[in-house]
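S.K.: Per my numbering, the very first residue in the sequence shown carries number 69; after that it's consecutive. C-beta atoms are modelled at their ideal positions from N, C-alpha and C, and glycine is treated no differently.
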Amino acid sequence: MGGTKIFVLNKILVFKIGGSVLTDKKRSSLEVRVGVLRGIARNIKELIDEGYRFILVHGVGSIGHLLVAKYELHKGIKGKEKLIRLTETQNRVNEIIRSRVLRVLEENGIPAVLFLPSSTIYQENGRIKEFYYRPVQRFFDLGFVPIFSGDMVADTNNDLGLTICSGDQIAFELAKVFNAKTIIFGVDVNGIYDRDPVLPGARLIKRLSLRDAREILEKVGKGANIDVSGGMRGKLREALLHPSFFENGGEVWIFNALRENMLLKVIKGETEIFTRIAG
Ligand code: IP8
């Protein structure tokens, strides 16, 4: 294909498999798209065999967002009743999403090891304040693929108790700790559009500066599906909250992970159908 080839800036990649890829959040379906997940896992394995290193993140899909919204966990943990609701949410996400993702990675020969944000992250008003990354670093150095996902984590705010830590926020934190220059978000659309992608005439934006990102933030559709951490708007907001990542040469790439072999194509510069945010 034509156009300038783009290559990743170093071989350490933070890659988030979006919850909208793992499950159909538009239909609030709880079913995991195992076929899609297998395809992504095969791409990851191929890239690992070529020398790329991955730190993975995944969204919690329909089940996580539905339960958090239903029990209003994002409004804080107040009262005894909320405790068992959080336990229930954690357990359903573990069973329906996390264990499925881990199993598919294992079946494809990827030595992934799960780390829970609730065990490694402390927040202040919903923003990461402390990240106990040393054990993760050790596993990574040994050749494992650490994998995180969105979670409810401890917060210094006494009124809230726990707050949401989205996979989007974790991705930026991981990039900082592991000196990854490329954060890749696999989502269910081709990237960021100049207006809500469901509207006629919506155009994919292939290259976005941080300044453009600020302008476009208000135009990006939040999506009709329930997403307690903000969908595409949340990703742009995270990018704007991390200007130093971009100042240090970092880039964020957003592509459609429902399309076959797109991870490989994006990394090898074989497609331009994605959005690239660079400072
Ligand atoms: O799926 C959200 O994480 P995300 C985490 O990465 C919770 O947005 C607990 C809803």
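Can you pull every residue whose C-beta falls closer than 6 Å to some heavy atom of the ligand IP8, listed in chain order?
M.R.: Ordered along the chain, the selected set is Gly87, Gly127, Val128, Gly132, His133, Val136, Gly218, Asp219, Met220, Ile232, Ser234, Gly235, Asp236, Val296 and Ser297.
S.K.: If you draw a straight line from the alpha carbon of Glu340 to that of Phe253, how long is it in whole angstroms?
M.R.: So the two alpha carbons sit approximately 15 Å from each other.
S.K.: Suppose contacts are defined by Cβ-Cβ distances below 9 Å. Is Gly229 in contact with His126 by that definition?
M.R.: Contact: no.
S.K.: Let me make sure I understand the geometry here. Which of Ala239, Lys249 and Asp227 has the alpha-carbon closest to that of Gly302?
M.R.: Nearest of Ala239, Lys249 and Asp227 to Gly302, Cα basis: Ala239.
S.K.: On the criterion of 16 or more Cβ atoms from any shown chain inside 10 Å, does Thr250 qualify as buried, or is it exposed?
M.R.: Classification of Thr250: buried, given that the 10 Å Cβ count is 16 or more.
S.K.: Just to confirm before moving on: does the CB-CB distance between Phe122 and Leu81 stay below 9 Å?
M.R.: The answer is yes: Cβ separation under 9 Å.
S.K.: Return the bridge partner residues of Met220 from the DSSP annotation.
M.R.: Note: Met220 sits in a beta bridge opposite Ile232.
S.K.: If you drop the 5 nearest sequence neighbours on each side, which residues of the same chain put their C-beta closer than 7 Å to that of Phe207?
M.R.: Val181 and Pro214.
S.K.: Between Phe314 and Gly347, which are expected to be in contact by the criterion C-beta below 8 Å, what is the C-beta distance as a whole number of angstroms?
M.R.: Yes, they are in contact, since the Cβ atoms of Phe314 and Gly347 sit about 3 Å apart, within 8 Å.
S.K.: Just the Cα atoms here: how many angstroms apart are Val257 and Ala325?
M.R.: Answer to the nearest angstrom: the Cα atoms are 8 Å apart.
S.K.: Using a threshold of 8 Å, is the CB atom of Gly119 nearer than that to any non-hydrogen atom of the ligand SAH?
M.R.: The ligand content of the structure shown is limited to the ligand IP8, which means the ligand SAH is not among them.
S.K.: Determine contact between the segment 161-180 and the segment 105-112, defined as no fewer than three beta-carbon pairs at a distance below 8 Å.
M.R.: Touching, yes.
S.K.: Going residue by residue through the segment 72-103, where are the continuous beta strand (DSSP E) segments of at least 3 residues, counting only ones entirely within it?
M.R.: Counting whole runs of 3 or more residues, the segment 72-103 contains the beta strand (DSSP E) stretches 80-85.
S.K.: Alpha carbon to alpha carbon, how far is Lys336 from Lys79?
M.R.: Taking the straight line joining both Cα atoms gives about 12 Å.
S.K.: In whole angstroms, give me the CA-to-CA distance for Glu319 and Leu278.
M.R.: Distance between the alpha carbons of Glu319 and Leu278: 10 Å.
S.K.: Please confirm whether Val334 has its beta-carbon closer than 9 Å to some beta-carbon of chain C.
M.R.: Here there is only one protein chain, and chain C is not present.
S.K.: From what residue to what residue does the alpha helix (DSSP H) around His133 run?
M.R.: Taken as a continuous stretch (DSSP letters only), the alpha helix (DSSP H) holding His133 covers Gly129 to Lys138.
S.K.: Quick check for students: name the residue ranges of the beta strand (DSSP E) that lie wholly in the segment 150-233, counting only runs of 3 or more.
M.R.: Whole beta strand (DSSP E) segments, 3+ residues: 180-182, 189-192, 195-199, 213-217, 219-223 and 230-233.
S.K.: Under a Cβ-count criterion, where at least 16 other Cβ atoms within 10 Å of its own Cβ denotes burial, should Gln237 be classed as buried or exposed?
M.R.: Flag for Gln237 reads buried.
S.K.: Using the C-alpha atoms, what's the distance from Ile345 back to Glu283?
M.R.: Approximately 13 Å, taken between the alpha carbons.
S.K.: On the DSSP bridge assignment, give the partners of Arg344 in chain order.
M.R.: Partner(s): Arg275 and Trp321.
S.K.: Going by CA-CA distance only, name the one from Glu306, Leu115 and Trp321 that's closest to Gly177.
M.R.: Checking every option, the nearest Cα to that of Gly177 belongs to Leu115.
S.K.: Spatial neighbours of Asn111 within its chain, please: C-beta separation below 7 Å, excluding the five flanking residues on both sides.
M.R.: The answer, listed in chain order, is Asn329, Leu331 and Leu332.
S.K.: Find out if the Cβ-Cβ distance for the pair Val221, Arg168 is shorter than 9 Å.
M.R.: No, the Cβ-Cβ distance between Val221 and Arg168 is not below 9 Å.
S.K.: So what does DSSP say about Arg263, is it helix, strand or coil?
M.R.: Arg263 falls in the coil class under three-state DSSP.
S.K.: In the DSSP assignment, the alpha helix (DSSP H) including Arg301 goes from what residue to what residue?
M.R.: Gly299 to Leu309 is the extent of the alpha helix (DSSP H) around Arg301.
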